[in-house]
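One structure below.
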Amino acid sequence: MPPDRWFGVGSAEGAEESAGALAAGEALLHDDAKLLIVFCSQSHDLVALLRQVRARAGDVPLIGCTTAGEIATAGPSDASVVVTAIGGSGFAVQTAVATGASRNLREAGAQAARCLPRRDDLPHKVLLLLSDGLAGDQQEIVRGAHGVLGASVPLVGGCAGDDLKMIRTFQLHGDRVFTDSVVAAGIASDAPLGIGVRHGWRRVGEPMLVTGSAGNRVYTLDDRPALDAYLEHLGVAEPARPDQEGLARLALTHPLGLSRPNGEDQVRFIGGGDFAERSLSCIAEVPQGALVWIMEGDARSVLEATDAACGDSLAALAGRPPLGMIAFDCIARRGVLGEEGIRAETGRLAAIALGAPVAGFYTYGEIARTRGVRGFHNQTLVVLSIG
Amino acid sequence: MDSTAWSTQQLAEFIAGVSAAGTEPAAARATVERAAEALDADVAAIVRGGELVAAVGYPEGHVPVGELAAVRAQRPGAAGSRLAVPGVGWCAAAAATLEYPPDGVLVVARPEGLTREETGLLRGMARIAAMTMRTLSVLDHERAAREEIERLAREQSALRRVATLVAKAASPGEIFSAVAEEVGYVLPAADFALVSRYDPDGAVEVVGAWSRAGEPEFVGMRTPIGGRNASTLVFERNQPARVDHLAAGNGAVAMTARDLGMRSSVGAPISVEGTLWGVIVVASTRENALPAGTEHRLAAFTELIATTIANAQARQELRTLLDQQAALRRVATLVARGAPPGAAFAAVAEEVGRLLPADLTLIGRFEDGMVTGVAGWSTKGDPVPIRGRTSLGGRNVTELVFRTGRPARLDSYGEASGAVAADARDRGIGSAVGAPISVEGRLWGVMIAASTHGEPLPPNTEERLADFTELVATAIANAEAREELRRVADEQAALRRVATLVARGAPPLAVFEAVTEEVGRLLPADVTALGRYDPGGHVTHVSAWSRTGEALPETERAPLGGRNLSTLVFETGRAARIDSYGDDFGPHAAEWIAGLGIRSGVGAPISVEGRLWGIVIVASTSGEPLPGDTEARLAGFAELVATAIANTEAQAELTASRARIVATADETRRRIERDLHDGAQQRLVSLALQLRAAQAAVPDELGQIQADLGRVVAGLTSTLDELREYARGIHPAILGEGGLEPALRTLARRAAVPVVLDMRTTVRLPERVEVTAYYVISEALTNAAKHAGASCVHVDIEVDRGVMRLCVGDDGVGGADPARGSGLVGLKDRVEATGGTFVVDSSPGGGTRLVVELPVGAGAADAAPSS
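Sequences listed follow chains R and E, in order.
Using the working numbering, the letters of the first sequence map in sequence onto residues 1 to 387.
Using the working numbering, the letters of the second sequence map in sequence onto residues 1 to 867.
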């Protein structure tokens, strides 16, 4: 007789025909799966990959997305496929997809959120969201989902990646492949689910006042063109010609930090700049009137955040060992840690998980709302522990 | 960041977030979301009476509106209500009243209650939100008014074109087709417009037609009456009729209509001199049925058609209609262009006079039981004298309209009475008709048409006046909406400018000056002042502004007393107003009230963290009292001033506490140094001497022991040297004994890099200055040797006008950055703790230059402004 609740992770390297089938086969520990979650590189033939997975799993609800690197128990990798399966009578799951998200991000979030199963007998709930971080202000998606579910249901998830090409990301739902979409799984369980959120960045230098901004775009800081003020604060000379890639590299390890009432700084990833307009473009809103700091981190602080996030997520399980963990880890942290560092990080995840399987991916933005109304993060690690 | 600076910060973010909303509902939603974000609340909502306006944090469709409405605005510190929030548990709830929407309340809840600052922040956010929502509602209103006027103007011009054809006695066929075309132009939802005649043989025949597509030709088409369709329903009932779903209609007419793709239709009867003659039908091919009101708008055209048909005897009547439409249209165009009300009034007075015809027209405004003339016109062509305020009362048309709110007439002014009638007789008025001008439901004024040649005005004058009074009302409503919008936007901008200043931590004086000027410019004040209450019942004016820019009297520590705003606010702790000063305004206010000719004023308290700090006053030299909302508008500025003051005080306290920490640390170092000097060092010296003596006493043949003792003594001496060196690092004793100069000379001598010391002061300075300077130079010299690889260091010190200026420059590699975490950070903290400034200039390759300024006068903690 299969257990009440189980959690399996399978991974397979490379883009060969059988990778999807191999990973799915490894993840499906029993035959009563309730949900499959697929993380993979955009370099795969996604339609074919889904066909392989479903050939193994049948029509079990499935969500997933492309990444900027995958995480599995064995370690991080690129161009691999990681399949997570959860199952057993202790879980109930429903999934949803909202397409054309950039037309109305809030409505897309709301639409995705309506899939939460109504099961009073399974008191622990979470909504897992995978979205397209290139589609606009992601906080709007969180606001839309929060507007439907209210404070009672935590939100968790991340923005899909495209191996840092920053062109197009894909979301997976059932046997279909979408872009500019939000896919969601509403999970109800008879055991606790824990969420941890930490970033490990700290402020450097003096704060700047956001004197001009609209949505994700920052026009002026301290009444000066934002790009100039940013480069100057970092002590970086203006490049001879517009250099988006140089800016992206710099910004990856020097995000902006907004101070927040709960004392924890909220980090904003700078996705690019407009060299003619001298503005900066972020992945989520930077409100006008806010104080921002330039943030920095190092391998130590980032790894400490890993331990803390895992610890926080396990604390909610009230002493029970986890069945498994899902990590949504910002690509920028990968930039700080380097290839060796991310191995060490995955090692720590696996160690803290006490031998339970670990899955996850490198994201373009992370979602975690457990208290208050904010729930979109940048350059952060979000961990979901399944009890 | 301290909590008050936090509040300002959050308010600034909140303003930015909420003011980006484009509609009133979006602003309400942004308000609850941003308020929850700013206060880290789990739920936030706006409720109005028992209705929900917006909420965040509750599951969709499960907002407990009644419970939220029961949370009333509380005074800070009062026990708040409790709310059960799904997923969070019991929460402390707080509410702030909204000035808009009426009866609105902004409620937030979270597990722990709000602090005093957060309650203040919530109130500030409520105020901004209300202003924004009101602004947006005014904007929506203005947009709707403009659209209505444009529609009216379009309809009038369509009617006029048809009326022109009618007046030119064009052929009926031509006129019928023109009517159909104009109907299509006026009703954007219509795809077909047909003018048809009911034939005696039970058929309906199209006599004029228009279709949006231009085809096909309908004129001459005959269809039998019968079934369920607009033409038949109008025929049977002799009143307008509509068929919203032609698919469900029947009869020949409906079949033809369906063949043409029509999906809904509306018809209106054309009656000629009481007899049903025909029908005008519009139809739409769209999914949505034709809008409500289509029947009503068709009626204007059916009248024209009826007129066409009864052409011969109606020619004169048509001319009048044409004139009226043209006059209406000229005025409507003026109003639609947003002309100032004065121009619209003058145009209306003239158009009405020419059209009626009347000898004299007047437009007056009702205010406080008086009527004030605003425009007039007369056949004589001379400008009509406009009387100022005239008392109402007596028997005359103006009084009748004022009392009844309805049109009134007086055919003989012989029996009239009252001040208005006296004025009318002066103007030679024999008979008059008046119509009320109502703006948004309230009686605004009156429009009068008068005759001076004895004949009473025609019986339909009342109705014809009414057409124009509506246009006048629209012009007024438009202008008022614009004025309100401008006022609210100005206030928001002024608050925002001051809030930005506060958020940047500008010095209080700059904030005070900005506030007095912004308040003065915003409110209809001649003078504004900001006063601080000093101990012992005194007030000091810290900033003032006057509209004329004239110099204002200075008031410093003047005793309170007498009937004036400073005293009233001081005594009550609440906002106060004086609409008319007496003679007993007290000594401190004399120079202001009597000297500047102030006649009325309003004052609002500035409370900093619960205590009354001061007052902000606006005053006027005109006889009119200041508007009723002045207190509320001042309050927003008073809160910003309070935040600025609280910020500064918090900063000053921080500096003082840092200075105390440094002083304590210095004292501890000095004690350790003294203990070492008096204790361990002394004992080591005496031990060394004893050993020397012992060594000398050892016989020469015990050479080995002698040598051992010698080594012990040498070790002891070297330990003693190390201990001395260590003690010097903890606290240089020479500094206390000989002062800075000998201490620095010793330091320079012992430095690993050559030092050029230029010290242009010999006086002893306060200990904290000397110690700080010593540590700065000591650390700089260590850095120059250890990190910068310098070959020479220059140290310059001078004292000028109570400030010690200290400069240490080296020729090393440069590139030092205090932000990167080095000894420089500790130095910077220490210098700032003593009230000084610390600047590092260290470009790569350009050496490092440290410039430090230290106040020599009173201690940093003492230099902070007293509260």
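Every residue gets a Cβ at the ideal spot worked out from N, C-alpha and C, and that includes glycine.
What you are looking at is a predicted structure, and each value in this text was computed from that prediction instead of being measured.
Q.
Can you confirm whether the region 602-611 of chain E touches the region 561-580 of chain E when touching is taken to mean that 3 or more C-beta pairs between the two stretches lie within less than 8 Å?
A. yes
Q: Say whether the region 175-193 of chain R touches the region 104-119 of chain R, bearing in mind that this needs 3 or more beta-carbon pairs closer than 8 Å, one atom from each stretch.
A: yes
Q: Report all residues from its chain with a CB closer than 7 Å to the CB of residue 875 of chain E; omit the five preceding and five following residues, and keep chain order.
A: Residue 875 of chain E cannot be examined here, being either before or after the span of chain E that is shown, 1 to 867.
Q. Can you tell me the Cα-Cα spacing of residue 857 of chain E and residue 768 of chain E, whole angstroms?
A. 11 Å
(Q) Between which residues of its own chain and residue 761 of chain E is the CB-CB distance below 7 Å, once the five residues before and five after are set aside? (A) 797, 798, 799
Q. Who are the neighbours of residue 504 of chain E on chain R, taking C-beta pairs under 8 Å?
A. 209
Q: Closer than 8 Å, Cβ to Cβ, to anything on chain E: give me those residues from the region 247-264 of chain R, in chain order.
A: 259, 260, 261, 262
Q: Residues of the region 79-103 of chain R with a CB closer than 7 Å to any CB of chain E: list them in chain order, please.
A: none
Q. From residue 411 of chain E to residue 430 of chain E, what does the alpha carbon distance come to, in whole angstroms?
A. 7 Å
Q. Under the three-state reduction of DSSP, which class applies to residue 402 of chain E: helix, strand or coil?
A. helix
Q | Whole-number beta carbon distance between residue 95 of chain R and residue 61 of chain R, since they are thought to touch under 8 Å | A | 4 Å
Q | residue 197 of chain E, DSSP secondary structure in three states | A | strand
(Q) By the three-class DSSP mapping on this structure, what secondary structure does residue 447 of chain E have? (A) strand
**Q.** Selection from E/150, E/53, E/741, E/96 that minimises the alpha carbon distance to residue 758 of chain E
**A.** E/741
Q) What are the complete beta strand (DSSP E) segments, minimum 3 residues, inside the region 580-629 of chain E? A) 600-608, 611-620
Q | Separation of residue 733 of chain E from residue 670 of chain E, as counted between CA atoms | A | 8 Å
(Q) Please list, in chain order, the chain R residues whose beta carbon lies closer than 9 Å to that of residue 15 of chain E. (A) 288, 289
Q.
Any beta carbon of chain R sitting closer than 7 Å to that of residue 59 of chain E?
A. yes
Q.
Please report the straight-line C-alpha distance between residue 868 of chain E and residue 478 of chain E, rounded to a whole angstrom.
A. Any property of residue 868 of chain E remains undetermined from this structure, which presents chain E solely from 1 to 867.
(Q) Output needed for residue 595 of chain E: all residues of its chain with C-beta closer than 7 Å, excluding positions within five of it in sequence on either side, in chain order. (A) 553
Q. In chain order, which alpha helix (DSSP H) runs of at least 4 residues are fully inside the region 130-179 of chain E?
A. none
Q. Taking the alpha carbon of residue 326 of chain R as the point to measure from, which residue in R/230, R/195, R/275, R/205 has its own alpha carbon closest?
A. R/195
Q. What is the DSSP secondary structure of residue 285 of chain E, counted as helix, strand or coil?
A. coil
(Q) With a threshold of 7 Å between beta carbons, is residue 763 of chain E in contact with chain R? (A) no
Q) Using CA coordinates, which residue listed in R/267, R/261, R/263 is at the minimum distance from residue 255 of chain R? A) R/267
**Q.** Stretch pair the region 347-360 of chain R + the region 145-153 of chain R: three plus CB contacts closer than 8 Å
**A.** no
Q) Three or more C-beta pairs closer than 8 Å, one from the region 359-369 of chain E and one from the region 384-395 of chain E: is that the case here? A) yes
Q: Check the C-beta distance from residue 271 of chain R over to residue 279 of chain R and give it rounded, since I have them as a contact under 8 Å.
A: Between residue 279 of chain R and residue 271 of chain R the Cβ distance is about 12 Å, and since that is not below 8 Å, they are no contact.
Q. With 16 other CB atoms within 10 Å as the buried threshold, where does residue 673 of chain E fall?
A. buried
Q: Note down, one range per segment and in chain order, each beta strand (DSSP E) of at least 3 residues found wholly within the region 250-324 of chain R.
A: 256-258, 266-268, 270-274, 279-282, 291-296
**Q.** Run of the alpha helix (DSSP H) containing residue 775 of chain E, from where it starts to where it stops
**A.** 767-786
(Q) Does the CB of residue 184 of chain R have a neighbour CB from chain E at under 7 Å? (A) no
Q | Reduced DSSP category for residue 100 of chain E - H, G, I as helix; E, B as strand; rest coil | A | coil
Q: Taking only beta-carbon positions, decide if residue 150 of chain R is within less than 7 Å of chain E.
A: yes
**Q.** Cut-off 7 Å between Cβ atoms - residues of its own chain near residue 370 of chain E, not counting five sequence neighbours on either side
**A.** 389, 390, 391, 392
Q | Distance CB(residue 230 of chain E)-CB(residue 267 of chain E) smaller than 7 Å | A | yes
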